[in-house]
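Peer 1: Residue numbers (our numbering), protein chains in the order written: chain A, 1 to 388; chain E, 389 to 776.
We treat Cβ as the ideally placed atom computed from N, Cα and C, and that holds for glycine.
Encoded as structure tokens, here's the structure I'll be asking about.
Number of protein chains: 2
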Amino acid sequence: MANSFFKDLQCDNCGEVYSKNHINTFCQKDNQPLLSRYTINGSFSKNALINRPKNMWRYYEMLPIEKENNRIHLGEGFTPLINLSQLESNYDQSHLFLKDESGNPTGSFKARGIGMAVSKAKELGVKEICIPTAGNAGSALAAYCAKAGIKAHIYMPEATPETFQLDCKIMGAKVTLVKGTIADAAAMMTHDNDGTWFDVSTLKEPFRIEGKKTMGYEIAEQLDWKLPDVIIYPTGGGTGLIGIWKAFNELKELGWIDNIPTRMVAVQGSGCDPVIQSFKKGIHTISPHFNPATTIANGLRVPKPFGDRLVMKTIYDSNGTAVSISDKEIIAGLNEFAKTEGLFLAPEGAAVWMAYKKLKVKNWIKNNETVVLLNTGSAYKYAENLRF
Amino acid sequence: MANSFFKDLQCDNCGEVYSKNHINTFCQKDNQPLLSRYTINGSFSKNALINRPKNMWRYYEMLPIEKENNRIHLGEGFTPLINLSQLESNYDQSHLFLKDESGNPTGSFKARGIGMAVSKAKELGVKEICIPTAGNAGSALAAYCAKAGIKAHIYMPEATPETFQLDCKIMGAKVTLVKGTIADAAAMMTHDNDGTWFDVSTLKEPFRIEGKKTMGYEIAEQLDWKLPDVIIYPTGGGTGLIGIWKAFNELKELGWIDNIPTRMVAVQGSGCDPVIQSFKKGIHTISPHFNPATTIANGLRVPKPFGDRLVMKTIYDSNGTAVSISDKEIIAGLNEFAKTEGLFLAPEGAAVWMAYKKLKVKNWIKNNETVVLLNTGSAYKYAENLRF
């Protein structure tokens with residue numbers, strides 16, 4: 001079988017190059033995320049995909065795992081792209097789709113990024129991994145580490161719904177609850193880490209984004225390689241937003257698509273919306289959101305994404321935008337979506353739906369455009385937030 | 389595009405034939421389930437599948453929906469068949485797989501059967517549907533009815549975890565909680581039904597089994613049309629067990645497989661195991677389990693399956709067997725599986741795993757055999773049962 005085209009890692013800010021054969025974290029010169037680069041050649045064509053299993057590993061040439069037996073597979077990827085026929089009709093939208101990530105292992109899109117990070121950590125001989133999490137990333141880490149035989153240390157805000165804790169514990173992970181936000185959990189984790197745990201915090205580790213980008217490959221493949229006009233994405237750490245954009249650029253390099261018409265929209269909760277604040281100011285960095293409010297959309301409560309520059313760049317480069325949504329709007333969105341399309345979204349997914357409505361009313365989205373909404377996870381894990 | 393081969397319905401017991409153009413329930417002569425029959429012709433070959441979307445509708449020639457726009461699609465089907473590499477090694481089993489149904493819409497295998505039943509009801513002009521449920525079938529009915537614009541009336545035991553109720557309510561269904569088992573819920577529903585609600589109780593409606601059988605088509609396709617030696621299945625109403633067996637027989641009729649080596653194993657909870665009791669006696673009917681115990685595996689608490697004759701026939705015809713598992717064993721199985729394979733099973737799935745272990749110890753399953761375990765749903769919906 002063919003191999004991975006993985007070449008090396010590069011800091012997207014200063015250009016410093018890092019070897020693929022070492023355990024890397026982020027750029028040591030300027031504290032920015034590292035991105036994987038590939039030596040693309042013509043041996044990877046669309047036709048190669050026909051007989052491959054429908055999971056995220058089908059794009060392995062453009063993924064960083066070099067030996068097949070290091071791929072840890074729990075069923076991640078190739079989630080359905082569901083046509084929202086009722087809402088298309090109600091909102092006069094020619095093409096409206098939901099990329100529904102709820103069916104992934106541990107019930108969320110985090111399975112992709114964490115699955116990739118743990119697979120690569122296994123390939124590089126890592127024995128213990130730690131993470132601060134709003135919930136789903138912790139569940140995914142616990143699961144992939146269990147299968148890989150790696151010890152997982154998970155730090156989560158004590159306001160995280162209990163199901164996430166249960167999930168991590170049953171997989172054998174060490175779970176520590178921390179007062180405050182994911183930033184406080186990260187601080188406690190750093191304090192506890194004696195240096196032997198490999199930290200897979202969002203974008204402080206280079207490969208979660210390589211897993212997340214497979215959403216972009218799949219959206220393209222499921223739309224027969226014709227990219228949508230708009231993708232609306234719930235943004236906490238922002239890896240998925242950046243990853244989908246990276247995927248589209250790689251598809252262009254591969255020669256599988258000619259152009260990238262897609263405008264990328266970041267959605268955040270109104271109680272913690274640092275991306276929206278920076279977008280309003282037109283700046284490329286993000287200041288930490290002071291005293292962020294609690295929310296039913298736990299995954300959006302990230303005071304400052306480590307990859308802030310990349311998040312903002314994706315929005316600007318794609319002619320995208322950024323939208324704030326309140327918890328009250330999320331609940332209205334959940335109800336409307338469930339009653340109309342029969343899909344019970346995670347709160348983050350409902351925020352995306354409400355962002356669509358705001359952008360449609362403003363005519364930022366036109367009737368004849370193709371729009372893809374992202375639902376990042378299973379509503380069931382949030383049930384204790386949703387007893388309204 | 390090609391059409392469905394659907395021909396008519398037949399009582400498998402007395403042979404009475406029913407027209408496909410009417411709303412049918414069960415055989416009016418002998419109160420037995422009706423099975424769909426198809427006029428098979430050579431136009432449906434394995435090659436036809438290559439470019440079809442990976443969901444349960446890819447086998448549409450062998451499904452009863454006649455117009456494409458009546459297929460209600462929420463992302464159901466083509467769930468992963470996961471290689472259990474760690475457990476294979478620990479238990480010296482040459483091939484061990486999990487067909488993991490947890491990623492289906494509403495988090496369970498019920499999406500297949502209910503998706504098919506609601507699609508067919510829509511095709512036949514039904515306006516209101518009712519169901520008694522242990523939980524997951526109700527969630528699925530609420531979802532598919534929401535998208536179809538059909539009113540759903542759902543009756544569930546009051547011991548059903550709260551997440552299932554939330555799920556049904558947010559989709560706009562009318563939910564009624566009933567003291568006792570699913571049998572009591574069914575009695576209350578029958579009392580409330582003024583005759584205008586279409587009852588989709590397990591096997592009292594002919595098409596849920598047609599959805600469930602797609603698990604059999606998929607297992608065959610995912611194993612490259614070489615059927616496994618053993619399938620272990622958690623059995624409440626038994627539709628899936630019967631459905632997989634029906635699928636294998638249809639695949640033989642289609643000429644896609646030559647023989648059916650598979651032994652079908654039914655697993656029940658020890659507090660309510662009428663199938664096991666009948667199997668021990670070697671009889672083809674099932675007596676209601678008196679005063680069934682509550683269990684964390686809600687889906688297994690069915691005192692008497694309506695399709696008892698078909699369930700027992702499947703076990704006997706396939707040289708299968710039937711195994712009882714206690715709640716204590718289920719909890720041990722959940723923990724072992726999660727810590728070894730990184731997969732958090734539903735309690736019903738954990739019962740299947742423990743049944744495997746019992747059958748392996750007895751040498752009923754041999755080391756060199758290929759075994760497929762079924763996990764029927766998402767553990768997250770059961771979280772309140774699992775706070776141990």
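(1) Report the partner residues of A:Thr-176 according to the DSSP bridge assignment.
(2) According to DSSP, simplified to helix, strand and coil, what is E:Ser-675?
(3) Is the Cβ of A:Asn-21 closer than 8 Å to any Cβ of chain E?
(4) From the DSSP secondary-structure annotation, give me the bridge partner or partners of A:Val-371.
(5) Could you tell me which uninterrupted alpha helix (DSSP H) segments, each at least 4 residues in length, are contained entirely in the region 451-510 of chain E, listed from first to last along the chain?
(6) Could you tell me the distance, in whole angstroms, from the CA atom of E:Ala-767 to the CA atom of E:Pro-735?
(7) Considering only their Cβ atoms, is the gap separating A:Gly-115 from A:Ile-72 smaller than 8 Å?
(8) In this structure, does DSSP put A:Lys-213 in helix, strand or coil?
(9) I want to verify the contact list: residues of chain A whose CB lies under 9 Å from the CB of E:Ile-470, in sequence order.
(10) For A:Asp-100 versus E:Gly-463, is the C-beta distance shorter than 8 Å?
(11) For a cutoff of 8 Å on Cβ pairs, would you count A:Met-1 as touching chain E?
(12) Check the Cβ of E:Gly-560 against every Cβ in chain A and list those closer than 8 Å, keeping chain order.
(13) I'd like to know whether the C-beta atoms of A:Thr-295 and A:Asp-327 end up nearer to each other than 8 Å.
(14) Identify the continuous beta strand (DSSP E) that holds A:Arg-52 and give its terminal residues.
(15) Shorter than 8 Å from the beta carbon of E:Gly-339 to some beta carbon of chain A?
(16) Would you list the residues sitting across from E:Ile-519 in a DSSP beta bridge?
(17) Taking just the CA atoms, how far does E:Asn-419 sit from E:Ser-589?
(18) Using a Cβ-based criterion (distance less than 7 Å to any ligand heavy atom), does E:Ala-536 qualify as near the ligand FAD?
(19) Give a yes or no on whether 8 Å exceeds the smallest Cβ distance from A:Tyr-59 to chain E.
(20) What are the boundary residues of the beta strand (DSSP E) that A:Thr-294 is part of?
(21) With a threshold of 8 Å between beta-carbons, can E:Phe-466 be considered close to chain A, or not?
(22) Residues in its own chain within less than 6 Å of A:Ile-257 by CB, not counting five upstream and five downstream?
(23) Need the endpoints of the beta strand (DSSP E) that A:Val-352 sits in, please.
(24) What's the call for A:Asn-385, buried or exposed, on a 16-neighbour Cβ count within 10 Å?
(25) Can you tell me the Cα-Cα spacing of A:Val-230 and A:Gly-255, whole angstroms?
(26) Return helix, strand or coil for E:Thr-709, following the three-state DSSP convention.
(27) Using DSSP bridges, identify the partner residues of A:Gly-269.
(28) Touch check for the region 442-453 of chain E and the region 690-702 of chain E: three-plus C-beta pairs under 8 Å?
(29) Name the residue from E:Val-699, E:Asn-751, E:Lys-746 and E:Lys-727 whose alpha carbon lies nearest to the alpha carbon of E:Asp-400.
(30) Any beta carbon of chain A sitting closer than 8 Å to that of E:Lys-442?
(31) Do you know how far the Cα of A:Lys-213 is from the Cα of A:Lys-246?
(32) Out of curiosity, what's the CA-to-CA distance linking E:Tyr-744 and A:Val-118?
(33) Can you pull the DSSP bridge partners for A:Tyr-18?
(34) Could you tell me which of E:Gly-430, E:Ala-685, E:Leu-484 and E:Ile-648 sits nearest to E:Asn-756, measuring between CA atoms?
(35) Quick check on the DSSP output: the beta strand (DSSP E) that includes E:Leu-642 runs from which residue to which?
(36) Going by DSSP in three states, A:Asp-167 sits in which element: helix, strand or coil?
Peer 2: On the basis of the coordinates in this document:
(1) A:Tyr-155
(2) coil
(3) no
(4) A:Leu-96 and A:Val-230
(5) 473-478
(6) 7 Å
(7) yes
(8) coil
(9) His-73, Leu-74, Gly-75 and Pro-105
(10) yes
(11) Low local confidence applies: a pLDDT of 46 at A:Met-1 is under 50, so the model's placement there is unreliable, and no value is given.
(12) Ala-338 and Lys-339
(13) yes
(14) Where A:Arg-52 is concerned, there is no enclosing beta strand (DSSP E), given that its DSSP letter is neither H nor E.
(15) With chain E covering 389 to 776 only, the question about residue 339 of chain E has no answer from this structure.
(16) E:Ile-542
(17) 13 Å
(18) The model depicted lacks the ligand FAD and carries no ligand whatsoever.
(19) no
(20) Taken as a continuous stretch (DSSP letters only), A:Thr-294 belongs to no beta strand (DSSP E), as it is neither H nor E.
(21) yes
(22) Trp-225 and Leu-251
(23) Careful: A:Val-352 lies outside any beta strand (DSSP E), inside the alpha helix (DSSP H) at 347-361.
(24) buried
(25) 21 Å
(26) strand
(27) A:Cys-272 and A:Ile-325
(28) no
(29) E:Val-699
(30) yes
(31) 7 Å
(32) 29 Å
(33) A:Leu-9
(34) E:Leu-484
(35) E:Leu-642 -> not in any beta strand (DSSP E); alpha helix (DSSP H) instead, spanning 627-642.
(36) helix
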